[in-house]
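Comments concern the structure below.
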Amino acid sequence: MSSNLMANYGRFELGFDRGVGSYLYTPEGDRYLDFASGIAVTSLGHSHPALLASANKQLEKLWHVSNLYTIESQSKLAERLCKNSFADKVFFCNSGAEAVEASLKLARIYHNSSGAKDRWKVISFRNGFHGRTFATIAASGQPKYLKGFGPVFDGFTQVNFLDIEAVRSVIDSETAAILVEPIQGEGGIHVASDSFLKELREICDKNDLLLIFDEVQCGVGRSGRMWAHEWSGVKPDIMATAKALGGGFPIGACMAIEEVGNAFIPGTHGSTFGGNPVASAIANTVLDIVDEREFLQNVTNVGDILVSNLQEVIKRSSIISEIRGRGLMVGLQCLIPAGDVISAFRKQKLLSVGAEGNTVRFLPPLIINELEVNEACTAVSKALQRLEC
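For the sequence shown, the positions run 3 to 391 when our numbering is used.
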């Protein structure tokens, strides 16, 4: 089919016209179990009644005014995010890439305003992914995202994930910050160890560096805690989040401790749409639901059941070699092309998404239950059996 859309996406010949809970439906009525969640975005599934009510209520009142004015729902959201995190200050934007971009700018301007104008470089990690702006693709450092967009934005050095000695070896007088995902998502679902994050914190404290966590994908309940770094007890100075925060509506946030956040003064950074009345109202409703002990515990419990069931399935398979992750952020390491596995799952009406290192990701809505987990694992088993024939 011809299209006026630019060809930068490798789209499947598959479309949906409605969704309910953990399921998506084609115009023809075929039902698919959604274990991709729009790449970790639809955290409360599709057509959640509370989100619909919140959106409709706000849409009937006010859509947009810009950040030149006070937005009550935005102020409330900032207060709640700070109350339930390390942060004291929040800047709202529209996406994860913008949240990371704001975090990088904040790190630089903080050092600049503190008198350390020579500090501007950032250490990040191979296999990481931080977005598709010029700065965030440079921070990620992956050749496939950099190709054709040179010269590469300067100031970023990548070292191997979990290699603490490599981090120490590249710090110099111009280093400003360390940027890391507590769980690498696009990189293949690799979980940073508690000891690694603790050592990063110690290194930053010792060298007057800022520690930036990218929780665009792993935050807002995905790991079984509100923030994935909570498992380690380590607190960052700056954090970027997005995706699940709006439950499907675009919103991102750059969060920071007060000393650092105060470096953003009028005119230094901005966003036309960021944290608008509708986005903020919906995000507040997401927090109403996700930020409950019972809800987060259920994410952990159902995630454990999913991994346990998948482990039983792959015992009989020569296609999946490893399962890794935390909460409802699960990666399947494939021994054949991951695209073939994703296609086989899709034929069984199960949606998944790929990642680096020949990995398939399961990122289901955080509301899934044990019956849906069993349905997914049955689909996985059937797909793998057919691939092995």
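Using N, Cα and C, we set each Cβ at its ideal position, and we do this for glycine too.
Chain D contact for residue i (CB, 8 Å cutoff)
i	result
Y147	The structure shown contains no chain D, having only a single protein chain.
Sequence-distant residues of its chain with Cβ nearer than 8 Å to residue i (five each side left out)
i	result
K384	Q350
C391	none
I325	V309, L312, Q313, I316, V332, G333, L334, Q335
I344	S354, V355, G356, V362
Cα-Cα separation between residue i and residue j, rounded to whole angstroms
i	j	result
F37	A265	40 Å
R170	T243	26 Å
S323	L389	15 Å
G333	A340	11 Å
L386	D196	34 Å
A179	K119	13 Å
V362	D174	37 Å
Q144	D342	23 Å
E62	L54	12 Å
L337	I316	12 Å
L7	F18	18 Å
L212	M228	22 Å
S77	G98	20 Å
Q60	G248	14 Å
V301	V292	10 Å
I205	S115	22 Å
D210	G272	27 Å
C256	G221	12 Å
V2	E103	Nothing about residue 2 can be reported from this structure: the residues present for the chain run from 3 to 391 only.
E377	F158	44 Å
Beta-carbon contacts of residue i that lie in its chain and below 7 Å, excluding the five residues immediately before and after
i	result
E201	I166
V154	A140, L148
T274	S68
G329	R224, S225, G226, V301, T302, G305
Beta-ladder partner(s) of residue i, from DSSP
i	result
Q160	S126
R326	G333
I180	I125, L213
Q186	H192
K91	A258
Reduced DSSP category for residue i - H, G, I as helix; E, B as strand; rest coil
i	result
L16	coil
V102	helix
G40	helix
Y34	strand
G23	strand
H66	coil
C391	coil
H48	strand
L352	strand
T72	coil
I338	coil
V280	helix
K149	coil
Q144	coil
K119	coil
K107	helix
Own chain, CB closer than 6 Å to residue i, minus 5 neighbours either side, in chain order
i	result
H48	G21, V22
P29	D19
H113	R121, A178
A109	A178, A179, L212
Worksheet entry | Residue ranges of each beta strand (DSSP E) within the segment 204-271, 3 or longer | Taking only runs of at least 3 residues, the beta strand (DSSP E) segments lying wholly in the segment 204-271 are 212-217, 240-243, 254-258.
Worksheet item: Which whole runs of the beta strand (DSSP E) in the segment 356-383 are 3 residues long or more, in chain order?
Response: Complete beta strand (DSSP E) runs here, min 3: 361-364.
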